[in-house]
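Here is the structure we will look at, set down as structure tokens.
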Amino acid sequence: MKLIPNTYKKYGYKMFNCSLSDLFEYIKHCYDVKKVSDPTQEFGFLIFNNVDEAIQKINFKHIPAEHGKLPQIKHSLTESNQLLIREITFYKAEDQQLYQNSIEKAWALEGHLDPRVQQFYYD
Numbered sequence: 027m028k029l030i031p032n033t034y035k036k037y038g039y040k041m042f043n044c045s046l047s048d049l050f051e052y053i054k055h056c057y058d059v060k061k062v063s064d065p066t067q068e069f070g071f072l073i074f075n076n077v078d079e080a081i082q083k084i085n086f087k088h089i090p091a092e093h094g095k096l097p098q099i100k101h102s103l104t105e106s107n108q109l110l111i112r113e114i115t116f117y118k119a120e121d122q123q124l125y126q127n128s129i130e131k132a133w134a135l136e137g138h139l140d141p142r143v144q145q146f147y148y149d
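Numbering-wise, our numbering comes out as the position in the sequence shown, counting from 1, plus 26.
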């Protein structure tokens, strides 16, 4: 099957270097003292050992397996090992909409990423 170039999307993901409880405690504290929270400043970002570790920790959850297999997905880490790049391209144009619907449903069910993850969009 041939990939459709105009379905290409690129995303980036970084994860705050803290536990979930630390993040939630920090956000609650900031709310209590009426301070804007900035987890980036407070915790910095986690340095991953490899791509597999980054994928596992970032945790693309609640996406049905059949929809997760629709695109061709390539993962890589930047030089700093803090930014996971996810590039996706589809084989059929209609698969792009099915995949987007599954992402939106996952988001409605708690989100599709670990709460410590910051997502970046590329054009």
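Cβ coordinates follow ideal geometry from the N, Cα and C atoms, glycine included.
Span of the beta strand (DSSP E) around residue i
i       : result
Gln-144 : 143–148
Lys-167 : With the chain covering 27 to 149 only, the question about residue 167 has no answer from this structure.
Leu-110 : 110–116
Ser-102 : 97–103
Closer than 6 Å: residue i CB and nearest the ligand SAH heavy atom
i      : result
Cys-44 : This structure lacks the ligand SAH; in fact it carries no ligand of any kind.
Beta-carbon gap between residue i and residue j smaller than 7 Å
i       : j       : result
Lys-40  : Gln-122 : no
Leu-96  : Tyr-125 : yes
Val-77  : His-101 : yes
Arg-112 : Tyr-37  : yes
Where the alpha helix (DSSP H) through residue i begins and ends
i       : result
Tyr-52  : 46–58
Glu-79  : 77–84
Phe-69  : 65–69
Leu-124 : 119–134
Own chain partners of residue i with C-beta closer than 8 Å, once the 5 adjacent residues on each side are dropped
i      : result
Gln-98 : Leu-29, Ile-114, Thr-115, Phe-116, Tyr-117
Ile-84 : Tyr-39, Met-41, Leu-110, Leu-139, Asp-140, Val-143
C-alpha distance - residue i paired with residue j, whole-angstrom precision
i       : j      : result
Thr-104 : Pro-65 : 21 Å
Leu-72  : Ser-47 : 16 Å
Neighbourhood of residue i by C-beta, 6 Å cutoff - its chain only, sequence neighbours within 5 removed
i       : result
Thr-33  : Thr-115, Phe-116, Gln-122
Cys-151 : Within the shown structure, residues of the chain are numbered from 27 to 149, placing residue 151 beyond reach of any answer.
Own chain, CB closer than 7 Å to residue i, minus 5 neighbours either side, in chain order
i       : result
Ala-80  : Phe-74, Leu-103, Leu-110
Ala-119 : Ile-30, Thr-33
Tyr-147 : Tyr-37
Met-27  : Tyr-117
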